[in-house]
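Residues 1222 to 1713 in our numbering are what the sequence shown spells out, letter by letter. A virtual CB, placed ideally from N, CA and C, is assigned to each residue, including glycine. Step one of this worksheet: look at the structure below.
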Amino acid sequence: MKSADLLLLVCGICSLSSLGGAGDVEQALTKQVLTNYNLKVRPARTPMERVVVRVGMTLSSFVGMNMKNEEMSTVVVMNLEWRDYNLLWDPKEHDGIEVLRIPAAKVWLPDIYLINNNDGVFDVALHVHVQVYSNGRVTWTPPALYLSSCGVRVTYFPFDWQNCSMQFRSYTYDSTEIELQYALDANGNEIREIQLDQAFSESGEWHIRHKPCRKNMNKDLYEDMSFYLIIERKPLYYVLNIIIPCILITIIAIFNFYLPPDAGEKMGLSINVLLTLTVFLLLLADKIPETSLGVPVIVKYIMFTMILVTCSVILSVVVLNLHHRSPNTHMMPMWVRKIFIHMLPPYLCMLRPKVEVPLALKMLPAQREKKVFAINKAADEYFIRKPDSSILFPKPNRFQAEGKTSNLKKFIDGPSSYLSLPPELKSAIEAITYIAEALQAEKDYEALKEDWQYVAMVVDRMFLWIFVIFTTVGTLAIFTKASLNHAPTDPF
């Protein structure tokens, strides 16, 4: 047992000594390569030599797009690589050590920062150690949370796509001192797009269509490496919460013309629909930036619907005005009777239970009164109309049913024969004539009032078809145009 314990003790001491030796060697090597090292000097052998810095990016998470502030949030890992001739050693002389991990603050770093940041943070989130290889190759992969500015195109919102970029460049060194190049993969091929992290999960609102990168040369001789994210919005949320409710509200506005004027709710329904659309417009105002460069498709649709509903309010006023007219206040022109009673109803699929008398046979009340006055007052003669059997027992025709007539016009305006009356019957005949004319006037009043109500019904039905046609055509035109908007292919 003692020999076994001694053996274990010796093995432990040997392992600790070996670990301590490896740490001592690495510490000595680090001290050696950093001796007389100036991290403020560009690692170039000659002033004319350019330091090649390879820039790549790995996307860890697409946080989101703030449409209101026009900014994009991403979590990335930057892949920077360059060569520093001051950091060279022979691995054989240092126990085969090929790579050292040195704090980033102790070596030269290319001052490559995000130019189009939106929060004033140019640097990375964490200064991790750099990896220095024995041949002078230096790699640095710091993580960063970038908030970059992104000009938002709102024309096709919510069926839109955005082209956002992150531009990286050096603030100190121009293209004569630093040359920016694409990062390399394991096979030595250039990587000309943003890499996705293995744990990357797609956003619930945006779909990444393309992610290229491009090297640009500016007029001031400064190079920059631009990483593009061409993203397309997933519109399901807006379709379910805004577009479909707006379409349903528009359908309700259409039925406003089907509501009878006597119901008393035509104006209330139109105004409530108008207020509801205003609420949806205010909700969209919180999402869309205050820009005058374009009007979103959904805002165009809501404004189009609001214009139609506003017109429906005005047209409802017109319909109610026609519905409540009476012969005491308005005389119906002949063109109104001809168009809205005789011409339009068949085209609007409307059939009135009362059979209309042709315009050629219709006589206005004023003309009838004039004729009665001329017949009744003929010099000093008094007469009585003697209806013949054809009036009392008319033949059936399209305007009169079989049997005795009840239309007093037949007796007032019909054929008559003159009979001399004794003075004592004069007052009786005048009373009978007055009663007949009063009954006929009341009947004409009700008929003309019904005609105004029927005109209002025809106008309401005409507005209904016009509103349906304009709403259908406008909706299809707006959303067909939006559906034709496709995300562009890779521009590079």
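Exercise. Is it the case that the Cβ atoms of VAL1494 and ILE1528 are separated by a distance below 8 Å?
Worked result: Along the sequence shown, one-based indexing puts residue 1494 at 273. Along the sequence shown, one-based indexing puts residue 1528 at 307. Against a cut-off of 8 Å, the Cβ pair of ILE1528 and VAL1494 comes out as no contact.
Exercise. Sorted by chain position, which residues of the same chain lie with C-beta nearer than 8 Å to ILE1468's C-beta, five sequence neighbours on each side aside?
Worked result: Residue numbering aside, residue 1468 sits at position 247 when the sequence shown is read from its first letter. Cβ within range, chain order: THR1696.
Problem set entry | Nonlocal neighbours in the same chain, by C-beta distance under 7 Å from LEU1255, ignoring five residues either side | Here the question's residue 1255 lines up with position 34 in the sequence shown. Counting only Cβ-Cβ distances below 7 Å, and skipping sequence neighbours, we find LYS1327.
Exercise. Among ASP1507, GLU1426, MET1438 and GLU1671, which one has its Cα closest to the Cα of ARG1546?
Worked result: If you number the sequence shown from 1, residue 1546 lands on position 325. Out of ASP1507, GLU1426, MET1438 and GLU1671, GLU1671 has the C-alpha closest to the C-alpha of ARG1546.
For this session: Could you pull out every residue in the same chain whose Cβ sits closer than 8 Å to the Cβ of LYS1507, ignoring the five residues on either side in sequence?
Result: In the sequence shown, counting from the first residue as 1, residue 1507 sits at position 286. In the sequence as presented, Lys is not what sits at residue 1507; that position holds Asp. If we look at ASP1507 and ignore the five residues flanking it on each side, its Cβ neighbours are LYS1289.
Exercise. Can you name the residues that DSSP bridges to LYS1436?
Worked result: Your numbering for residue 1436 matches position 215 in the sequence shown. BP columns for LYS1436 point to MET1446.
Exercise. Chain C beta carbons: is any one of them nearer than 8 Å to that of ARG1263?
Worked result: The displayed structure is made up of one protein chain only, and chain C is not part of it.
Exercise. Relative to the C-alpha of ILE1523, which residue among SER1294, PHE1700, LEU1280 and ASN1307 is closest?
Worked result: Translated into positions along the sequence shown, residue 1523 becomes position 302. Among SER1294, PHE1700, LEU1280 and ASN1307, the Cα nearest to that of ILE1523 belongs to PHE1700.
Exercise. Helix or strand or just coil, what does DSSP make of TYR1675?
Worked result: Numbered from 1 along the sequence shown, position 454 holds the residue referred to as residue 1675. Looking at TYR1675 - three-state DSSP - the assignment turns out to be helix.
For this session: In angstroms with no decimal places, state the Cα-to-Cα distance between PRO1456 and GLN1383.
Result: The residue you call residue 1456 lines up with position 235 of the sequence shown. The residue you call residue 1383 lines up with position 162 of the sequence shown. Between PRO1456 and GLN1383, the C-alpha separation is close to 13 Å.
For this session: Indicate whether ARG1358 and GLU1302 have their beta-carbon atoms separated by less than 8 Å.
Result: In the sequence shown, the residue the question calls residue 1358 occupies position 137. In the sequence shown, the residue the question calls residue 1302 occupies position 81. Yes, Cβ-Cβ distance for ARG1358 and GLU1302 is below 8 Å.
Exercise. Given ILE1333, which residues of its chain have a CB within under 6 Å of its CB, disregarding the five upstream and five downstream residues?
Worked result: Working through the sequence shown from its first residue, we reach residue 1333 at position 112. Closer than 6 Å at the Cβ level, and outside the excluded window around ILE1333, lie PHE1389 and SER1391.
Exercise. Got a sec? Which residues, its chain only, sit under 7 Å from PRO1379 by beta carbon, not counting five neighbours each side?
Worked result: The count along the sequence shown starts at 1 and reaches residue 1379 at position 158. Here the set comprises ARG1454, PRO1456, TYR1459 and ILE1519.
For this session: Determine which residues share a DSSP beta bridge with TYR1740 and list them.
Result: The structure shown has nothing for residue 1740, since the chain only spans 1222 to 1713.
Exercise. What first and last residue would you give for the alpha helix (DSSP H) that runs through SER1491?
Worked result: As a working mapping, residue 1491 is identified with position 270 in the sequence shown. That run of the alpha helix (DSSP H) goes 1487–1506.
Problem set entry | Option in GLY1515, ILE1472, LEU1368 and PRO1510 with minimal Cα separation from LEU1498 | Residue numbering aside, residue 1498 sits at position 277 when the sequence shown is read from its first letter. Answer by Cα proximity: ILE1472.
Exercise. Which stretch, first to last residue, makes up the alpha helix (DSSP H) that contains ALA1326?
Worked result: For this step, residue 1326 is matched to residue 105 along the sequence shown. No alpha helix (DSSP H) contains ALA1326, which DSSP labels as neither H nor E.
Problem set entry | Alpha carbon of LYS1702 to alpha carbon of ASN1462, nearest angstrom | As a position in the sequence shown, residue 1702 is number 481, starting the count at 1. As a position in the sequence shown, residue 1462 is number 241, starting the count at 1. Cα to Cα, LYS1702 sits roughly 21 Å from ASN1462.
For this session: Count the other CB atoms, across all protein chains shown, that sit within 10 Å of the CB of THR1295; report buried if there are 16 or more and exposed otherwise.
Result: As a working note, residue 1295 is residue 74 in the sequence shown. Buried, since its Cβ has 16 or more Cβ neighbours within 10 Å.
Problem set entry | Given HIS1431 as reference, the closest of PRO1364, ILE1323, GLU1444 and GLN1416 once Cα atoms are compared | The residue you call residue 1431 lines up with position 210 of the sequence shown. Checking every option, the nearest Cα to that of HIS1431 belongs to GLN1416.
Problem set entry | Three-state secondary structure assigned by DSSP to ILE1399 | Position 178 of the sequence shown, counted from the start, is the residue given in the question as residue 1399. ILE1399 falls in the strand class under three-state DSSP.
Problem set entry | Assigned secondary structure, ALA1265 (DSSP; H/G/I helix, E/B strand, else coil) | Taking the sequence shown and counting its residues from 1, the one referred to as residue 1265 is at position 44. If DSSP states are grouped into helix, strand and coil, ALA1265 belongs with coil.
For this session: Quick one: grab the DSSP three-state call for SER1537.
Result: Walking along the sequence shown from the start, residue 1537 turns up at place 316. If DSSP states are grouped into helix, strand and coil, SER1537 belongs with the helices.
For this session: Kindly identify the DSSP beta-bridge partner or partners of MET1293.
Result: The residue you call residue 1293 lines up with position 72 of the sequence shown. Answer is MET1286 and SER1369, bridged to MET1293.
Problem set entry | Terminal residues of the alpha helix (DSSP H) in which TRP1556 lies | Here residue 1556 corresponds to residue number 335 of the sequence shown, with the count starting at 1. Counting along the chain, the alpha helix (DSSP H) containing TRP1556 begins and ends at 1555–1558.
For this session: Inspect the CB distances between the region 1530–1546 and the region 1390–1405 and report whether three or more fall short of 8 Å.
Result: no
Problem set entry | As assigned by DSSP and simplified to three states, the class of PRO1364 | Locating residue 1364 in the sequence shown gives position 143, where the first residue counts as 1. Correct three-state label for PRO1364: strand.
Exercise. Whole-angstrom Cβ separation of TYR1354 and VAL1298, contact assumed at under 8 Å?
Worked result: Position 133 of the sequence shown, counting from 1, holds the residue named residue 1354. Position 77 of the sequence shown, counting from 1, holds the residue named residue 1298. Incorrect: roughly 19 Å between the Cβ atoms, too far for contact.
Exercise. Does DSSP classify THR1279 as helix, strand or coil?
Worked result: By one-based count along the sequence shown, residue 1279 stands at place 58. Correct three-state label for THR1279: strand.
Problem set entry | Identity of the residue in GLY1277, GLY1489, PRO1364 and LEU1504 nearest ILE1464 by Cα | Position 243 of the sequence shown, counting from 1, holds the residue named residue 1464. Among GLY1277, GLY1489, PRO1364 and LEU1504, the Cα nearest to that of ILE1464 belongs to LEU1504.
Problem set entry | Span separating the alpha-carbon of CYS1434 from that of SER1447 | Sequence index remark: in the sequence shown, residue 1434 carries index 213 (1-based). Sequence index remark: in the sequence shown, residue 1447 carries index 226 (1-based). When rounded, the distance between both Cα atoms is 6 Å.
Problem set entry | Exposure label - PHE1283; buried when at least 16 CB within 10 Å | As a first step, residue 1283 must be located in the sequence shown, where it is residue number 62. Counting Cβ neighbours within 10 Å, PHE1283 comes out buried, since at least 16 surround it.
For this session: May I ask you to list the residues that DSSP assigns as paired with HIS1348?
Result: Start at 1 with the first residue of the sequence shown, and residue 1348 comes out as number 127. Paired residue(s): none; HIS1348 is not in a bridge.
Problem set entry | CA-to-CA distance, VAL1539 to SER1491, given in whole angstroms | Position 270 of the sequence shown, counted from the first residue, corresponds to residue 1491. Position 318 of the sequence shown, counted from the first residue, corresponds to residue 1539. Distance between the alpha carbons of SER1491 and VAL1539 is about 14 Å.
Exercise. Near LEU1347, what residues of its chain come up, given a Cβ to Cβ distance below 7 Å and the 5 sequence neighbours on each side ignored?
Worked result: Reading the sequence shown from its first residue, position 126 is the one you call residue 1347. So the qualifying residues of the chain are PRO1363 and PRO1364.
Exercise. So what does ARG1304 bridge to, in DSSP terms?
Worked result: Counted from its first residue, the sequence shown places residue 1304 at position 83. DSSP lists ARG1358 as partners of ARG1304.
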